[in-house]
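In the numbering used here, the protein residues as written are 1 to 249. A virtual CB, placed ideally from N, CA and C, is assigned to each residue, including glycine. In this text, all values refer to a predicted model and were calculated from it rather than measured experimentally.
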Amino acid sequence: MTVDVATPDTPLLTYAGGIATIRLNRPASSNWVRGEDLRWMLSTLLALDADPAVRVVVLTANTGGQGRPVFCGGYEITQPGAEDQEALFASLSTALTQMRPITLCALTGAVYGPALDLVLACDIRVAVSGTTLHLPLEMSPLHSRSFQARLVQHLGIDGTRRALLSGRAITVEELSLRGVFEGVVRPDAFDGYVGVLARQIAAQDPAVVQHVKRTLETVVQGCSSAAGAPRSIRSGCGALSSRPPMPPS
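Here it is as structure tokens:
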């Protein structure tokens with residue numbers, strides 16, 4: 001595949017050995033994304049999805065020079081066309097969930113508001129220890145229904161209420177207890193951990209990977225629509241989602 005050369009501040013794309021890495025690249029602006037970033041990322045994901053040589057897509061962010069690392073502060077709602085950006089953000093999350101390659105989020109810093117949707121939309125997530133997730137109440141009008149559904153899927157309804165209404169940050173350590181993160185790794189070991197994991201994933205049989213992804217998506221969709229299903233199905237879906245609640249801070 002061809003690797004684009006990004007202009008300053010736009011996301012970066014690198015590729016090696018079946019692993020494509022998309023890196024948010026506005027560290028001086030808390031990695032806020034703009035409309036042009038979202039459109040570039042969406043078109044890039046579509047191109048990566050169509051390339052059979054791509055086995056893994058890593059989503060990460062440049063946090064160099066930041067006093068407190070921020071993976072993504074959201075999108076710039078003060079820019080003209082913010083409503084279009086909201087739709088683009090939702091489309092980007094949907095594209096991540098539907099990718100043929102395995103998507104791996106390497107969370108290098110704090111994440112705010114709807115940007116968390118990009119994290120949860122990935123198949124597998126790894127985070128730097130001590131990272132926090134923030135869902136300020138004033139940003140709640142920006143949350144799409146699909147994002148809210150993903151929050152409930154991963155945090156449970158009570159955990160989602162606390163996250164959205166309490167105003168307190170959520171730590172990746174808390175969510176790791178629920179299986180949301182594959183690993184929580186100290187900063188000095190993070191890049192090596194992500195590299196090894198990405199290569200392990202890329203080495204898997206792609207046909208088997210696709211079968212598993214399709215099967216899991218069918219299960220998730222079935223449980224999402226199980227409200228009107230027979231009791232046996234509702235019970236099975238309830239068992240799948242009966243993870244322990246997030247511990248209080």
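Under the 10 Å beta carbon count, Ala53 is surrounded by fewer than 16 other beta carbons and is classified as exposed.
The C-beta separation of Cys72 from Leu104 comes to about 16 Å, leaving the pair out of contact by the 8 Å criterion.
For Phe147, no beta strand (DSSP E) segment is defined; the enclosing uninterrupted segment is the alpha helix (DSSP H) at Arg145 to Leu165. A straight line joining the alpha-carbon of Val56 with that of Ile201 spans about 7 Å. Considering only Ala149, Leu155, Val184 and Glu138, the residue with the shortest C-alpha distance to Gly167 is Glu138.
In the structure shown, the three-state DSSP call for Thr132 is strand.
It is roughly 25 Å from the alpha-carbon of Leu42 to the alpha-carbon of Val152. As computed with DSSP, Gly183 is found in a beta bridge with Val126.
Your pair Glu182 and Val126 checks out as a contact, with CB atoms roughly 6 Å apart and the cut at 8 Å.
The beta-carbon distance between Leu116 and Leu92, rounded to whole angstroms, is 13 Å. This is too long to meet the 8 Å contact definition. DSSP places Arg199 in the helix class (H, G or I) of the three-state scheme. Between Tyr75 and Trp32, the beta carbon gap of about 6 Å places them in contact (Cβ cut-off 8 Å).
Beyond the five residues adjoining it in sequence on each side, Thr60 comes within less than 7 Å, by CB distance, of Thr21, Arg23, Ala106 and Thr108 in the same chain, given in chain order. Just measuring C-alpha positions, the residue of Arg34, Leu38, Thr44 and Ala28 sitting nearest Thr14 is Thr44. Collapsing the DSSP output to three states places Ala169 in coil. With fewer than 16 other Cβ atoms inside 10 Å of its own Cβ, Ser29 counts as exposed. Cβ neighbours of Leu175 within its own chain (closer than 8 Å, five residues either side excluded): Leu133, His154, Leu155, Phe181 and Met246. Following the DSSP letters along the chain, one finds Leu120 inside the alpha helix (DSSP H) bounded by residues Ala115 to Ala121. Shown here, Thr63 sits in coil according to DSSP, grouped into three states, outside any helix or strand. For Val212, the closest alpha carbon among the candidates Pro101, Arg34 and Ala50 is that of Pro101. For a cut-off of 8 Å, the C-beta gap from Ala121 to Leu96 is around 4 Å, short enough to register as a contact. Apart from the 5 residues on each side of it in sequence, Leu197 sits with its Cβ closer than 8 Å to the Cβ of Leu104, Ile124, Val126, Glu182 and Gly183 in its chain, given in chain order. C-alpha of Glu36 to C-alpha of Arg26: approximately 13 Å in a straight line. When rounded, the separation of the alpha-carbon atoms in Tyr193 and Pro187 is 10 Å.
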